Amino acid sequence: MTLRTRAFNCLRRDSLLPLRCLLARGLANQGTQTSLRSSPQPRKELGDVLADVIKTTGPISVAAYMRQCLTNPDSGYYINKDPFGVEGDFITSPEISQMFGELVAIWCVTEWMAQRRPQQIRLIELGPGRATLLRDMLKAFQSFVPFKSTIADICLVEASPTLRTAQHSNLCDSAMKETADGFSSITRYGLPIKWYTNLKEVPRDVTSFIIAHEFFDALPIHQFEHTQHGWREIMVDYSIPERKTPLSLPGQTRSFDEKPKFNLTVLPYYTPSSKVGPESSSRYKKLPVNSKIEISPESWDVAKDLALRISEQRTPESPTGSGAALVIDYGPAKTIPVDTLRAIKGHHFVSPFEEPGTADLSADVDFTALKSVAEREGHVAVHGPVEQGDWLHALGIGARATVLANQQTTPEGKDRVAKEYHRLVERSGGAMGKIYKVMALTPDKTPTPVGFGGGVVEDGQGIE
Ligand code: SAH
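In this text, residue positions in the sequence shown follow this note's numbering: the first is 3, and each later residue adds one.
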């Protein structure tokens with residue numbers, strides 16, 4: 003991490019301290035904290051808490067708003083609900099077809115072979131949702147016995163207690179136990195599994211194969227605008243939106259009957275964040291006035307951690323490190339994301355500012371930023387990003403779909419497999435095969451992985 007990035011992170015954390023205190027105070031009306039009071043208070047909506055914070059201390063960053071909406075321990079979107087599937091708010095690739103998890107599993111096996119078969123590995127998944135991807139991967143690993151027998155344990159990083167319970171019931175028959183640093187159980191395949199809320203808590207002692215599918219898009223972003231006076235942070239305010247109407251008097255921009263709402267505002271003055279964030283890369287510094295950018299220092303931290311986990315696992319047989327990370331998400335391959343904060347509810351886009359905490363908020367992943375952090379500070383080779391459709395084809399989704407379709411005994415079954423295949427690989431009209439990208443981190447100077455231009459490294463030892 004460069005000095006600038008580190009400084010920015012410190013400043014970001016410090017600047018959130020007043021917010022944290024206020025949120026803690028605001029949330030004292032909610033959930034577990036009510037026990038501290040003599041009589042229980044009515045539960046406060048997250049929107050009311052955030053409005054109170056803004057009214058008291060001024061606008062908050064988009065990152066702080068996103069973090070509260072998604073993972074506030076009482077009312078965050080992910081904390082109390084299972085948002086997946088037709089009944090939920092959105093559907094992800096592993097939920098569309100088992101083929102997705104199977105091909106991610108095959109990629110891990112090919113990468114393990116390319117790295118001369120490390121003896122012991124840990125599977126880590128960030129943000130596993132319902133654990134559908136992991137369930138399909140574990141099933142697929144049963145066909146690759148030498149690989150399967152090297153898996154020492156599985157570690158999941160999950161912020162949501164509700165989804166942790168869903169993951170446990172999807173993967174395990176044994177009970178879940180609370181441990182000193184998280185939760186643990188045993189999967190149906192007999193593998194120890196542990197849950198953590200933060201990647202930093204996951205032990206670093208073993209070669210890790212790490213999957214992050216639709217995880218980075220949930221990490222908070224900051225937005226900045228390059229004004230005549232320099233970079234300024236775009237913040238979330240709670241106010242009556244400024245608006246000129248045909249009947250406005252000169253200088254009058256408000257209609258007085260409106261109620262305050264959450265809205266975006268460009269801070270008129272600089273802050274530590276707006277001084278340091280846009281200065282942290284030459285990609286931002288050269289942008290002209292009126293440009294906007296989104297940056298996610300929290301994502302940079304995770305990318306650096308993933309890369310270091312790989313490059314730190316050095317042995318005489320693997321002098322540049324061992325293990326791999328696979329990041330699958332949506333976002334541009336090269337350009338800097340701009341204005342991509344979005345909210346999804348019931349499979350439709352809604353305003354990110356309506357009823358905070360009730361819709362999924364996400365933003366495009368800046369793959370170029372993740373790549374440069376991983377290469378520069380994590381000392382790994384970064385492959386891609388490539389489009390999901392191309393990656394799945396390189397892994398053999400066509401052949402797998404044909405086998406699956408042939409196994410179906412009804413025309414409806416065959417039709418379903420065909421539709422799932424097309425949904426995953428389709429490239430036209432902003433479909434999943436194009437907008438989702440796949441990027442891999444591997445130890446420096448190891449062969450190019452399958453799916454990124456490389457082939458299977460045959461070592462004559464067999465995989466079944
Ligand atoms: N990978 C799954 C789910 C993607 S949704 C799939 O593709 O189906 C995002 C997941 O990340 C959810 O499990 C959510 O609870 C988790 N998550 C979001 N923000 C997180 C954070 N800051 N820390 C840990 N987990 C988080």
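Beta carbons are placed, not taken as given, at the ideal position from N, Cα and C, and that holds for glycine. Computed from a predicted structure; not experimentally measured.
For arginine 344, three-class secondary structure by DSSP: Indexing the sequence shown from 1 puts residue 344 at position 342. Strand, per DSSP.
Own chain, CB closer than 7 Å to methionine 470, minus 5 neighbours either side, in chain order: The chain is shown from 3 up to 466; residue 470 falls before or after that span and cannot be answered.
Cβ shell of glutamate 422 (< 6 Å), same chain only, five flanking positions each side left out: As a first step, residue 422 is located in the sequence shown; it is residue number 420 there, counting from the start. Excluding positions up to five away in sequence, the list reads Ile98, Ser99.
DSSP three-state call for glutamate 180: helix, strand or coil? The residue labelled residue 180 in the question sits at position 178 within the sequence shown. In the structure shown, glutamate 180 sits in a strand (DSSP, three-state: E or B).
Within 9 Å, strictly: CB atoms of valine 159 and glycine 131: Start at 1 with the first residue of the sequence shown, and residue 159 comes out as number 157. Start at 1 with the first residue of the sequence shown, and residue 131 comes out as number 129. For valine 159 and glycine 131, no; Cβs fall outside 9 Å.
When you compare only the Cα positions, how much space is there between glutamate 356 and serine 95? The residue labelled residue 356 in the question sits at position 354 within the sequence shown. The residue labelled residue 95 in the question sits at position 93 within the sequence shown. Take the alpha-carbon of glutamate 356 and the one of serine 95: they are about 27 Å apart.
Under a Cβ-count criterion, where at least 16 other Cβ atoms within 10 Å of its own Cβ denotes burial, should alanine 26 be classed as buried or exposed? As a first step, residue 26 must be located in the sequence shown, where it is residue number 24. With a pLDDT of 38 at alanine 26, under the threshold of 50, the predicted position of this residue should be treated as unreliable, though the coordinate-derived value follows. Around the C-beta of alanine 26, fewer than 16 other C-beta atoms lie within 10 Å, and the residue is accordingly described as exposed.
Measuring alpha carbon to alpha carbon, tell me which of Tyr79, Asp362, Asp392, Tyr271 ends up nearest histidine 228. Within the sequence shown, residue 228 is the residue found at index 226, counting from 1. The residue among Tyr79, Asp362, Asp392, Tyr271 with its C-alpha nearest the C-alpha of histidine 228 is Tyr271.
Close-in-space but distant-in-sequence residues of the same chain around aspartate 175 (CB under 7 Å, 5 per side omitted): Translated into the one-based positions of the sequence shown, residue 175 becomes position 173. Cβ within range, chain order: Arg190.
Kindly indicate which three-state DSSP category cysteine 12 falls into: helix, strand or coil? Along the sequence shown, one-based indexing puts residue 12 at 10. Summary for cysteine 12: the model assigns pLDDT 31, below 50, so the residue's position carries little reliability, and this model does not support an answer.
Does threonine 322 come within less than 9 Å of chain E when only Cβ atoms are used? Here chain E cannot be found, since the structure has a single protein chain.
I need the DSSP call for arginine 124, collapsed to helix, strand or coil. By one-based count along the sequence shown, residue 124 stands at place 122. In the structure shown, the three-state DSSP call for arginine 124 is strand.
Would you check if the distance between the CB atom of isoleucine 338 and the CB atom of threonine 370 is smaller than 9 Å? Locating residue 338 in the sequence shown gives position 336, counting from the first residue. Locating residue 370 in the sequence shown gives position 368, counting from the first residue. A distance below 9 Å separates the beta carbons of isoleucine 338 and threonine 370.
Count the other CB atoms within 10 Å of the CB of proline 61; is the residue buried (16 or more) or exposed (fewer)? Residue 61 sits at position 59 when you count from the first residue of the sequence shown. Buried, because 16 or more other Cβ atoms sit within 10 Å of the Cβ of proline 61.
Helix, strand or coil for leucine 443 per DSSP? Residue numbering aside, residue 443 sits at position 441 when the sequence shown is read from its first letter. In the structure shown, leucine 443 falls within a strand segment according to DSSP collapsed to helix, strand and coil.
Separation of cysteine 71 from phenylalanine 351, as counted between CA atoms: On the sequence shown, position 349 is the one that residue 351 refers to. On the sequence shown, position 69 is the one that residue 71 refers to. Those two C-alpha atoms are separated by around 16 Å.
I need the straight-line Cα distance from tryptophan 109 to proline 358, nearest angstrom please. To locate residue 109, count along the sequence shown from 1; it is residue 107. To locate residue 358, count along the sequence shown from 1; it is residue 356. For tryptophan 109 and proline 358, the gap between their C-alpha atoms comes out near 38 Å.
Please report how far the alpha carbon of valine 427 lies from the alpha carbon of glycine 400, in whole angstroms. In the sequence shown, residue 427 corresponds to position 425, counting from 1. In the sequence shown, residue 400 corresponds to position 398, counting from 1. Approximately 10 Å, taken between the alpha carbons.
From which residue to which residue does the beta strand (DSSP E) around lysine 416 run? One-based indexing of the sequence shown puts residue 416 at position 414. That residue, lysine 416, is in no beta strand (DSSP E); its alpha helix (DSSP H) goes 413–427.
Quick one: residues with CB closer than 7 Å to any heavy atom of ligand 1, in chain order, please. Every residue passing the under-7 Å Cβ criterion appears here: Leu72, Thr73, Tyr80, Phe86, Thr94, Ser95, Pro96, Glu97, Leu128, Gly129, Pro130, Gly131, Arg132, Thr134, Leu135, Val159, Glu160, Ala161, Ser162, Leu165, Thr199, Asn200, His215, Glu216, Phe217, Ala220, Leu221.
Apart from the five residues on each side of it in sequence, which residues of its chain come closer than 7 Å, Cβ to Cβ, to asparagine 292? Position 290 of the sequence shown, counted from the start, is the residue given in the question as residue 292. Within the same chain, asparagine 292 has close Cβ partners His228.
Rounded to whole angstroms, what is the Cα-Cα separation between glutamate 281 and leucine 372? Here residue 281 refers to the residue found at position 279 of the sequence shown. Here residue 372 refers to the residue found at position 370 of the sequence shown. Each residue's Cα considered, the two are about 16 Å apart.
Is it buried or exposed for lysine 439, if we count other Cβ within 10 angstroms and need 16 for buried? Taking the sequence shown and counting its residues from 1, one reaches residue 439 at position 437. Per the 10 Å Cβ criterion, buried.
What three-state label does DSSP hand arginine 234 in the structure shown? Residue numbering aside, residue 234 sits at position 232 when the sequence shown is read from its first letter. Residue state, collapsed to three classes: strand.
Assuming contact is defined by CB atoms lying nearer than 9 Å, are threonine 342 and isoleucine 223 in contact in what I supplied? Residue mapping note: residue 342 aligns to position 340 of the sequence shown, counting from 1. Residue mapping note: residue 223 aligns to position 221 of the sequence shown, counting from 1. Yes, the Cβ-Cβ distance between threonine 342 and isoleucine 223 is below 9 Å.
On a CA-only basis, which of Lys263, Gly232, Arg311, Gln315 is nearest proline 274? Give me that one, please. For the purposes of this step, residue 274 is identified with residue 272 of the sequence shown, where counting begins at 1. With distances taken between Cα atoms, proline 274 lies closest to Gly232.
Methionine 441 vs histidine 385 beta-carbon contact at 9 Å: As a position in the sequence shown, residue 441 is number 439, starting the count at 1. As a position in the sequence shown, residue 385 is number 383, starting the count at 1. A contact, by the Cβ cut-off of 9 Å.
When the Cα of valine 405 is compared with those of Gln144, Asp155, Val419, Ala168, which residue comes out closest? Here residue 405 corresponds to residue number 403 of the sequence shown, with the count starting at 1. Relative to the Cα of valine 405, the nearest Cα in the group Gln144, Asp155, Val419, Ala168 belongs to Val419.
C-beta atoms of serine 298 and phenylalanine 218 nearer than 9 Å: Walking along the sequence shown from the start, residue 298 turns up at place 296. Walking along the sequence shown from the start, residue 218 turns up at place 216. It is a contact, given that the beta carbons lie within the stated cut-off.
How is phenylalanine 185 classed by DSSP in three states: helix, strand or coil? The residue you call residue 185 lines up with position 183 of the sequence shown. In this structure, phenylalanine 185 counts as strand in the three-state DSSP scheme.
Consult DSSP for leucine 29 and reduce its assignment to one of helix, strand or coil. In the sequence shown, counting from the first residue as 1, residue 29 sits at position 27. The predicted position of leucine 29 is uncertain, since its pLDDT is 34 and thus under 50; no value can be drawn from it.
With respect to the alpha helix (DSSP H) encompassing proline 387, which residues constitute its N-terminal and C-terminal limits? Looking up residue 387 in the sequence shown gives position 385. Annotation for proline 387: no alpha helix (DSSP H) segment contains it, though the beta strand (DSSP E) segment containing it runs 382–389.
Can you tell me where the alpha helix (DSSP H) holding glycine 1 begins and where it ends? Here the chain comprises residues numbered 3 to 466, so residue 1 is not present and cannot be evaluated.
So leucine 52 is in the alpha helix (DSSP H); what residue range does that whole segment cover? Working through the sequence shown from its first residue, we reach residue 52 at position 50. Counting along the chain, the alpha helix (DSSP H) containing leucine 52 begins and ends at 48–59.
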